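First up is the structure itself, then whatever we jot down about it.
Protein chains: 2
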Amino acid sequence: MSVKQALNLTPSFGSLKKHMQLTRYTDYGLRTLIYLALLPSGRRASIDEISKTYDISRNNVNKIVHQLGKAGIIETKRGKGGGFYLKKTPQELNIGELVVLLENTLQVVECTTPKCRILPACKLKVILGQATQAFLDSLKAYTLADLLEDESKALIQILNIQCD
Amino acid sequence: MSVKQALNLTPSFGSLKKHMQLTRYTDYGLRTLIYLALLPSGRRASIDEISKTYDISRNNVNKIVHQLGKAGIIETKRGKGGGFYLKKTPQELNIGELVVLLENTLQVVECTTPKCRILPACKLKVILGQATQAFLDSLKAYTLADLLEDESKALIQILNIQCD
DNA sequence: TATATAATACATTTAATATGCACCTTATAA
DNA sequence: TTATAAGGTGCATATTAAATGTATTATATA
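So the sequences go chain by chain: A and B. Quick note: to get my numbering, add 145 to the position in the first sequence (first position is 1). Quick note: to get my numbering, add 145 to the position in the second sequence (first position is 1).
Dropping the structure here:
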């Protein structure tokens, strides 16, 4: 009996896996929108402010803000005194659609790298596609407003948003 | 106007994202099971055979076979003339359960790296958890047998499985 | 007893994401 | 009108996880 057996250790597999996750980018995007939804009307946020609040790299926030701006979800303004704010109400922002926007790849299998031999007769892709759709449909039942409900006060306090 | 604007190129964002995918490991695991389901009864496959058939690294197949063996899905046998075969019928092997087995992480957000500040008041985790469940429920409607239906002959030919 | 096979361990490579840094563009307030 | 603060863009680097590579061990059978 080996030492490992004697110690009843689980065998190593080199790498095990992590996946089926949204990227942090998407997570950060949603958190940014939560922050914006809590801002008093008229107030703008800055990239720096979001970056510090959530301890996210400036660069990531930069990209997120730029993308949300291009998508028409927030209004961005350059220059001194600039910043950005929600262009739509939280009720209008569907979580499913936001995830589709922020997440680059929602395809669940690749089939192409390297090209899978059984592709012509493989039903897996269809079945996994359906499952992904079910995932998104589930998210589409919610809007940004649902993420805030009953929690606005707590969130405003945690995020230290000044309401004067 | 810059050259890039003039050429109407999309701006670079450093990295964009890919995710929400199952690992190849899981994909390979399912393909291995498809192969085994098509074998004539009494025949065994070997790691080498699967590895060559699908052009997957031996090591990956090795891990998959080991895991499936430990899970009681296949019977593995060492030594000369050894190999492995399905211990259950394709009808008994649920795709949703197989994905849960093969995929390590099905959690959709982390919340912990670094620890998210709004965690105590955040509903995102719950909503994403529901969506993941919807994904799995969709997969649970299928078994390995469904992946073969109407395609067995085509697959046997593509995979060059000898039925003598 | 030689050989073929799975089991285990660990090292290396690859690929994707996240972050860092520099600079450009734009708007405003002093 | 100019300094400054903001977002926009591009590219380089670091980090991380997955995939693969290489040995070696254990086991069964011809």
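Just so it is clear, CB atoms sit at the ideal spot from N, CA and C, and this is done for glycine as well. Computed from a predicted model, the values in this text were never measured in an experiment.
Discussion item. Suppose you measure from the CA of Lys285/A to the CA of Val253/B; what does that come to, to the nearest Å?
Written reply: Here residue 285/A refers to the residue found at position 140 when the first sequence is read from its first residue. Here residue 253/B refers to the residue found at position 108 when the second sequence is read from its first residue. Rounded to the nearest angstrom, the two C-alpha atoms are 16 Å apart.
Worksheet item: So is Leu264/B buried or exposed if we call it buried at 16+ other beta carbons inside 10 Å?
Response: One-based indexing of the second sequence puts residue 264/B at position 119. Leu264/B is exposed by the Cβ-count criterion.
Worksheet item: Taking the continuous alpha helix (DSSP H) assigned at Thr198/B, which residues delimit it?
Response: For the purposes of this step, residue 198/B is taken as residue 53 along the second sequence, with counting starting at 1. That run of the alpha helix (DSSP H) goes Ile192 to Tyr199.
Discussion item. With H, G and I counted as helix, E and B as strand and the rest as coil, what does DSSP make of Asn204/A?
Written reply: Here the question's residue 204/A lines up with position 59 in the first sequence. In this structure, Asn204/A counts as helix in the three-state DSSP scheme.
Item to complete: In the DSSP assignment, find the alpha helix (DSSP H) that holds Lys222/A and state where it starts and stops.
Response: Numbered from its first residue, the first sequence carries residue 222/A at position 77. Careful: Lys222/A lies outside any alpha helix (DSSP H), inside the beta strand (DSSP E) at Ile219 to Lys222.
Item to complete: Pull up the DSSP beta-bridge partners for Asn305/B, would you.
Response: In the second sequence, the residue the question calls residue 305/B occupies position 160. Looking at the DSSP assignment, Asn305/B forms no beta bridge with any residue, so it has no partner.
Worksheet item: At which residue ranges does the segment 221–274 of chain B contain complete beta strand (DSSP E) runs of 3 or more residues, listed in the order of the chain?
Response: 228–231
Worksheet item: In angstroms, rounded to a whole number, what distance separates the CA positions of Ile219/A and Leu213/A?
Response: As a first step, residue 219/A must be located in the first sequence, where it is residue number 74. As a first step, residue 213/A must be located in the first sequence, where it is residue number 68. Cα to Cα, the separation comes out at about 6 Å.
Worksheet entry | Beta carbon proximity, Lys268/B to chain A, threshold 8 Å | Numbered from 1 along the second sequence, position 123 holds the residue referred to as residue 268/B. Lys268/B counts as touching chain A.
Discussion item. Quick check: the segment 261–278 of chain B against the segment 241–249 of chain B, are at least 3 beta-carbon pairs closer than 8 Å?
Written reply: no
Worksheet item: So what's Gln150/B in DSSP terms, helix, strand or just coil?
Response: As a first step, residue 150/B is located in the second sequence; it is residue number 5 there, counting from the start. Legend: pLDDT at Gln150/B = 34, less than 50; position of this residue unreliable, value from coordinates given subsequently. Reduced to three states, the DSSP call for Gln150/B is helix.
Fill in: Contact set for Val148/A: own chain, Cβ-Cβ below 7 Å, skip 5 residues either direction
Position 3 of the first sequence, counted from the first residue, corresponds to residue 148/A. Here Val148/A scores only 33 on pLDDT, less than 50, and its place in the model is too uncertain to base an answer on.
Worksheet item: Taking Gln307/A as the reference, which of Gly174/A, Leu183/A, Leu167/A and Gln166/A has the closest Cα?
Response: By one-based count along the first sequence, residue 307/A stands at place 162. When only C-alpha atoms are compared, the closest one is Leu183/A.
Fill in: Counted within 10 angstroms of its Cβ, other Cβ atoms place Met165/A as buried (16 or more) or exposed
For the purposes of this step, residue 165/A is taken as the residue at position 20 of the first sequence. Counting Cβ neighbours within 10 Å, Met165/A comes out buried, since at least 16 surround it.
Worksheet item: What number of angstroms, rounded off, separates the C-alpha of Lys233/A from the C-alpha of Gly217/A?
Response: Here residue 233/A refers to the residue found at position 88 when the first sequence is read from its first residue. Here residue 217/A refers to the residue found at position 72 when the first sequence is read from its first residue. Distance between the alpha carbons of Lys233/A and Gly217/A: 9 Å.
Worksheet item: Can you find a CB in chain B that lies within less than 8 Å of the CB of Phe280/A?
Response: Walking along the first sequence from the start, residue 280/A turns up at place 135. Closer than 8 Å: yes.
Item to complete: Could you spell out where the alpha helix (DSSP H) holding Asp172/A opens and where it closes?
Response: Residue mapping note: residue 172/A aligns to position 27 of the first sequence, counting from 1. Counting along the chain, the alpha helix (DSSP H) containing Asp172/A begins and ends at Arg169 to Leu183.
Discussion item. Let me see if you follow: with CB-CB separation under 8 Å, is Thr250/B close to chain A or not?
Written reply: One-based indexing of the second sequence puts residue 250/B at position 105. Interface residue, yes.
Worksheet item: Which residue from Val210/A, Arg203/A and Gln236/A puts its Cα closest to that of Gly228/A?
Response: Numbered from its first residue, the first sequence carries residue 228/A at position 83. Checking every option, the nearest Cα to that of Gly228/A belongs to Val210/A.
Worksheet entry | Asp291/A: first and last residue of the uninterrupted alpha helix (DSSP H) it sits in | Working through the first sequence from its first residue, we reach residue 291/A at position 146. Start and end: Leu289 to Leu293.
Worksheet item: Closer than 8 Å, Cβ to any Cβ of chain B: which residues of the segment 165–191 of chain A, in chain order?
Response: Met165, Gln166, Leu167, Thr168, Arg169, Tyr170, Thr171, Asp172, Leu175, Arg176 and Ile179
Practice prompt. Tell whether a beta-carbon distance below 8 Å holds between Arg262/A and Tyr173/B.
Written response: Taking the first sequence and counting its residues from 1, one reaches residue 262/A at position 117. Taking the second sequence and counting its residues from 1, one reaches residue 173/B at position 28. Against a cut-off of 8 Å, the Cβ pair of Tyr173/B and Arg262/A comes out as no contact.
Worksheet item: Does DSSP put Gly187/A in a helix, a strand or coil?
Response: Here residue 187/A refers to the residue found at position 42 when the first sequence is read from its first residue. Correct three-state label for Gly187/A: coil.
Practice prompt. Find the residues of chain A that neighbour Ile303/B, judging by a C-beta separation of less than 8 Å, and give them in chain order.
Written response: The residue labelled residue 303/B in the question sits at position 158 within the second sequence. Going along chain A in sequence order, the residues near Ile303/B (Cβ under 8 Å) are Arg262, Ile263, Pro265 and Ala266.
Worksheet entry | Contact test: Thr234/A Cβ vs the ligand NAD heavy atom, cutoff 7 Å | With respect to small molecules bound, the structure shown includes none, and the ligand NAD cannot be examined in it.
Worksheet item: Using the beta-carbon of each residue, which ones in chain A are nearer than 9 Å to Thr277/B?
Response: For the purposes of this step, residue 277/B is taken as residue 132 along the second sequence, with counting starting at 1. Going along chain A in sequence order, the residues near Thr277/B (Cβ under 9 Å) are Met165, Phe280 and Ser283.
Worksheet item: Using CA coordinates, which residue listed in Arg189/B, Ala290/B and Asp282/B is at the minimum distance from Gly224/B?
Response: Along the second sequence, one-based indexing puts residue 224/B at 79. Per the Cα distances, Arg189/B.
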